[in-house]
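So the sequence shown is numbered by this note's numbering: it starts at 92 and just counts up by one.
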Amino acid sequence: MSEERSTLWHFAECAVTGRRHRAADLPCQDKTHACESHGTAVIALADGAGSAAFSQEGAETACQEIAAIFSGSFDAFDAETDGARVKQQILTQLRTALAARAGECACHVDALASTLLAVAVKGDRFILLHIGDGVIGCLREDQLVVLSQPLNGEFINTTVFITSPEATDTMKLVKGDVADICGFVLLSDGAEMSLYDRRQKTLAPVLHRVFNTARGEDRANMEEMLRRSFENSVIQATGDDCSIALMVRM
92 MSEERSTLWH FAECAVTGRR HRAADLPCQD KTHACESHGT AVIALADGAG
142 SAAFSQEGAE TACQEIAAIF SGSFDAFDAE TDGARVKQQI LTQLRTALAA
192 RAGECACHVD ALASTLLAVA VKGDRFILLH IGDGVIGCLR EDQLVVLSQP
242 LNGEFINTTV FITSPEATDT MKLVKGDVAD ICGFVLLSDG AEMSLYDRRQ
292 KTLAPVLHRV FNTARGEDRA NMEEMLRRSF ENSVIQATGD DCSIALMVRM
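Below you can see the structure in the form of structure tokens.
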């Protein structure tokens, strides 16, 4: 959670432990973060790999680190015309942070494997980053739009992680004008089951109401409403952990 209050954006985030992890008495491996620092609003979401022993630690580290990276380097990234260079710089910083966390956890860095989704906004510009599965969308001129679709491996339940060798080649990095965009949303693959139509490649209409509610609600109240909705409905559609992070213009 941010210690600063955005003057332009309302934030909300929620991560709920899935039924499989509850049955096995395991922690939620999805992590989210939403904040504003140095004039840059950031939302981030990471889904820890189910096979990685400390993936929840890696997911949390990834969310915190990408927020710090974007807050500190947004202008430089936005001005840089070499996208591959920006991707490599971001991935290097993320992996350095994960290596430090691995030292604290006394584990190999692969034990911290997670996906990563993030959107940063500064002024009238945005930068989107996507590694692995999950969905990134926006509310543009009152229409729900998918900005980045899930990246899965050969099978539906496999994907790419920050620690994967192919992360550099498969990472999506998109820059653009905020212009007519009113809000951004990140969904983990668990939340996808209820809030994204894979066949139509569209976001669920209910997200319209979520955006509109978030615009007028206090953050704490909004996050409690999201938690209740996820507990009562979203996690019932899957055994996986489910998470969401969003920001919407006031």
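Backbone N, C-alpha and C fix where the C-beta goes; we use that ideal spot for every residue, glycine too. These figures come from a predicted structure and were not determined experimentally.
Identity of the residue in 114, 185, 298 nearest residue 226 by Cα: 298
Within 10 angstroms of the Cβ of residue 99, are there 16 or more other Cβ atoms? Answer buried if so, exposed if not. exposed
Buried or exposed (CB count within 10 angstroms, at least 16 for buried), residue 223: Residue 223 is buried by the Cβ-count criterion.
By how many angstroms is the C-alpha of residue 214 removed from the C-alpha of residue 206? Near 27 Å, if we compare the C-alpha coordinates of residue 214 and residue 206.
In the DSSP assignment, find the beta strand (DSSP E) that holds residue 202 and state where it starts and stops. No beta strand (DSSP E) contains residue 202, which DSSP labels as neither H nor E.
Mapping DSSP to helix, strand and coil, what is residue 293? Three-state result, residue 293: strand.
Between the segment 138-156 and the segment 226-241, do at least 3 Cβ pairs fall closer than 8 Å? no
Ordered along the chain, which non-local residues of its own chain (more than five positions away) have a Cβ less than 7 Å from that of residue 162? 128, 129, 131, 133
Looking at the unbroken beta strand (DSSP E) that takes in residue 124, where does it start and where does it end? 121-128
Output the boundary residues of the beta strand (DSSP E) element that contains residue 131. 131-138
Taking Cβ to Cβ, would you say residue 328 is nearer than 8 Å to residue 277? no
For residue 244, which residues from the same chain have a beta carbon less than 8 Å from its beta carbon, with the 5 sequence-adjacent residues on both sides left out? The pLDDT assigned to residue 244 is 45, lower than 50, so where the model puts this residue is not dependable; a value taken from the coordinates is nonetheless given after this. Same-chain partners within the cutoff: 250, 251.
Using 10 angstroms around the beta-carbon of residue 139, count the other beta-carbons present and answer buried if the total reaches 16, otherwise exposed. buried
Taking all protein chains shown into account, decide if residue 170 is buried (16 or more other Cβ within 10 angstroms of its Cβ) or exposed. Exposed, since its Cβ has fewer than 16 Cβ neighbours within 10 Å.
Between residue 333 and residue 119, what straight-line distance do the alpha-carbon atoms span, to the nearest angstrom? 9 Å
Reducing DSSP to helix, strand and coil, say where residue 240 ends up. The DSSP-derived three-state label of residue 240 is coil.
Bounding residues of the alpha helix (DSSP H) (the contiguous stretch that carries residue 115): Counted as a single uninterrupted DSSP element, the stretch harbouring residue 115 is not any alpha helix (DSSP H), since DSSP gives it neither H nor E.
How would you write the range of the beta strand (DSSP E) that residue 228 sits in, first residue to last? 226-231
C-beta contact flag for residue 216 and residue 268 at 8 Å: yes
Nearest-angstrom Cα separation, counted from residue 111 out to residue 228: So the two alpha carbons sit approximately 27 Å from each other.
Taking just the CA atoms, how far does residue 160 sit from residue 179? 13 Å
Nearest neighbour of residue 156, chosen from 137, 174, 188, 136 [CA to CA]: 188
Can you tell which of 201, 287, 326 has its C-alpha closest to the C-alpha of residue 238? 287
Which whole-angstrom value describes the C-beta separation of residue 202 and residue 143, a residue pair presumed to lie in contact below a C-beta threshold of 8 Å? Separation of the CB atoms of residue 202 and residue 143 is rounded to 5 Å, and the pair is thereby assigned contact status at 8 Å.
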